[in-house]
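J.: The structure under discussion is supplied below as structure tokens; questions concerning it will follow.
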Amino acid sequence: MPPIDGSPPPSCPMHAPSSASPFPPQSSTQPPKDASSCPVASPSSAKFPTPSTLSKLNPLNYMPTLSQDRSSHQKYSLPTDRTTSSIPRGDTNANWEYPSPQQMYNAMLRKGYDDTPEDAVESMVEVHNFLNEGAWNEIEAWEARFSRGLSEGWQACRRGEIGWEEMVAQGELRGSEGSAPKLLRFMGRPGDMTPKARMWEWAGRLYPEKFGNEPPFDRHDWFVQRTTPLGEKREVRYVIDYYSAPPEPTGEPVFYLDVRPAIDTPTAACERMIRWGGDVWYRAAGSGVREQIKADKAKEKAKS
């Protein structure tokens, strides 16, 4: 992940689960009032009674409605404009919207980050948006490989990450209209370390010089709608670990993401094995070197 100015809070307050909301996300059949913003169930709904905490929660992101009102703690006003993301929603034809700086500040106050400097909030929002755009780019790459099935996924992965980049550059990817993935809902789980992150933490304790990285500062679970070539829609859960890396010599912070399908099904496990195994085998077997030599010989033959 390239460096960017600003630094996020210890965990993403926009997506962190509330201690007062121990309910799983609920599917909503009613359209939101604003198709591009986070929908919340109507307080008058019989399913979500007014006094209930659940009635205040957005079933798509496991969070209550975020206020745009200025807090009594603020010294000056923060922007209330929201930026539209590049991430398509699963329930409408619009894209998800990122929180405004004012909403971000209110969320941090709600989560107990009372010492957050107001003049840093806008930079935090930029970092927040940048990281999530990066996460979605990674999900799109996974979906481009495997949305057409494991066989097509193997063809996309058998030449490793280098081969994939060449396929993208040469426009060899196939797709159909309406097959692009969409984000159905998401939830933050900063207190739940993924098995992979825990494994790296244990490795860091045993071999600190080689694996001595800090644990992820945040975790998200994103539920993505996958459309198969036959038009079938499936839900795929992706797990995202957010890591901070040593800063650049100029002092700019650096972040990187570990994005992969959750091993909820045998298919997801195969996808991860195919992508990882294809890249490892391609590099270990020296296939890239042989292909480069072959290409160089072909160029020399064409010149002669």
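With UniProt numbering, letter number 259 in the sequence shown gets 259, and the count goes up by one each step, no holes. C-beta: ideal position from N, C-alpha, C; glycine also.
(1) Kindly confirm or deny that the stretch 92-105 and the stretch 67-83 touch, where touching means at least three C-beta pairs closer than 8 angstroms.
(2) Determine the extent of the alpha helix (DSSP H) in which ALA135 is found, giving its start and end residues.
(3) Put LEU150 into one of helix, strand or coil per three-state DSSP.
(4) What does PRO88 pair with, by DSSP beta-bridge criteria?
(5) Output the boundary residues of the beta strand (DSSP E) element that contains LEU183.
(6) Just the Cα atoms here: how many angstroms apart are GLY90 and VAL224?
(7) Relative to the C-alpha of TYR76, which candidate in ARG145, LEU184, GLY171, GLU122 has its C-alpha closest?
(8) Take GLU232 as the anchor and find which of SER147, ARG275, ASP221 has the nearest alpha-carbon.
(9) If the criterion is Cβ atoms closer than 9 angstroms, does the pair GLY153 and ARG145 meet it?
(10) Apply the 10 Å Cβ neighbour rule to ASP221 and answer buried if 16 or more other Cβ atoms are within range, or exposed otherwise.
(11) Is the beta carbon of PRO142 sitting closer than 9 angstroms to the one on ILE87?
(12) Is the Cβ-Cβ distance between ARG219 and PRO190 less than 9 angstroms?
(13) What is the DSSP secondary structure of ARG255, counted as helix, strand or coil?
(14) According to DSSP, is SER19 helix, strand or coil?
(15) By the three-class DSSP mapping on this structure, what secondary structure does ARG260 have?
(16) Could you tell me which residues DSSP puts in a beta bridge with ASP192?
(17) Under the three-state reduction of DSSP, which class applies to THR267: helix, strand or coil?
(18) Mapping DSSP to helix, strand and coil, what is ASP218?
(19) Just checking GLU140 against the ligand SAH - is the residue's beta carbon closer than 8 angstroms to any of the ligand's heavy atoms?
T.: Inspection of the coordinates gives the following:
(1) Contact holds: three or more Cβ-Cβ distances are below 8 angstroms.
(2) That run of the alpha helix (DSSP H) goes 121-146.
(3) In the structure shown, LEU150 sits in a helix (DSSP, three-state: H, G or I).
(4) DSSP, once it has assigned bridges, lists ASN95 as partnering PRO88.
(5) Run containing LEU183: 182-188, per the beta strand (DSSP E) assignment.
(6) GLY90 and VAL224: Cα-Cα distance of roughly 8 angstroms.
(7) The candidate whose alpha carbon is nearest that of TYR76 is GLU122.
(8) If we check each option's Cα against that of GLU232, SER147 comes out closest.
(9) Less than 9 angstroms divides the Cβ of GLY153 from the Cβ of ARG145.
(10) Classification for ASP221: buried.
(11) One point to set straight first is that residue 142 is Trp, not Pro, in the sequence displayed. Cβ distance not < 9 angstroms, so TRP142 and ILE87 don't count as in contact.
(12) Yes, Cβ-Cβ distance for ARG219 and PRO190 is below 9 angstroms.
(13) Checking the sequence, you will find Phe at residue 255 rather than Arg. Three-state result, PHE255: strand.
(14) Low confidence applies here, because SER19 scores a pLDDT of 36, under 50, leaving its location unreliable; read the following figure in that light. If DSSP states are grouped into helix, strand and coil, SER19 belongs with coil.
(15) Look at ARG260 here: in three-state DSSP terms it is strand.
(16) None; ASP192 has no bridge partner.
(17) It is helical.
(18) In the three-state scheme derived from DSSP, where H, G and I count as helix and E and B as strand, ASP218 is classed as strand.
(19) In terms of ligand content, the structure shown is empty, and the ligand SAH therefore cannot be addressed.
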